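Residue numbers (this note's numbering): 51 to 232.
One structure is given here, and the rest of the page talks about it.
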């Protein structure tokens, strides 16, 4: 049973007080409750410019109301670039970026990640890189007089083994719904 939270009068959703407490633990010393919705965080947000449905002030508002589904169930939380602009301009020092990152951590624990992030995380496990080095990149490097493989996990297989070992120890694969960690 959900803890009683406030009601969102637009959607008529009941807030979940336990979710609000969970977010508070996740954000540490940031206080979403002091946000007065001035929208300074949203007005200069690059993610908002590219995706108008991403509104940091609105996400902080959802957090304050304990609206778990509106935050954790929304793909919009993955739009934040974590540039920290919102932290810098907030007159209340709320740091919406921390609220968004907290919602992401909750989403990952619940297995609610977006396909693009799972794919990129898979690249890390497979290659040690978030962006794989393609044959075209290798050819370009060679044309520039560089070795085809950059001096990273591509050139040092032992380093890739170490990345995979760390991924296994942290439970990262399991969080992304991948292979069982050992």
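Ideal placement from N, C-alpha and C gives every residue a C-beta, glycine not left out.
A quick note: this is a predicted structure, and the numbers were derived from the prediction, not measured.
Query: C-beta neighbour in chain B for residue 145, strict 7 Å; Result: Protein chain content of the structure displayed is limited to a single chain, and chain B is not contained in it.
Query: Reference residue 133; option with closest CA among 150, 214 and 156; Result: 150
Query: Helix, strand or coil at residue 106 according to DSSP, with G and I counted as helix; Result: helix
Query: Nearest neighbour of residue 183, chosen from 168, 131, 79 and 203 [CA to CA]; Result: 203
Query: Residue 125: first and last residue of the uninterrupted alpha helix (DSSP H) it sits in; Result: No alpha helix (DSSP H) contains residue 125, which DSSP labels as neither H nor E.
Query: Buried or exposed (CB count within 10 angstroms, at least 16 for buried), residue 154; Result: buried
Query: Where residue 206 falls, given that 16 or more other Cβ within 10 Å makes a residue buried; Result: exposed
Query: Outcome for residue 233 when other beta-carbon atoms lying within 10 angstroms are tallied against a minimum of 16; Result: Residue 233 cannot be examined here, being either before or after the span of the chain that is shown, 51 to 232.
Query: Backbone secondary structure at residue 89 - three-state DSSP; Result: coil
Query: Inter-residue Cα distance where the pair is residue 177 and residue 119; Result: 34 Å
Query: Secondary structure of residue 101, DSSP reduced to three states; Result: coil
Query: Per-residue DSSP class, three states only, for residue 164; Result: coil
Query: Rounded straight-line distance, which links the Cα of residue 180 to that of residue 104; Result: 24 Å
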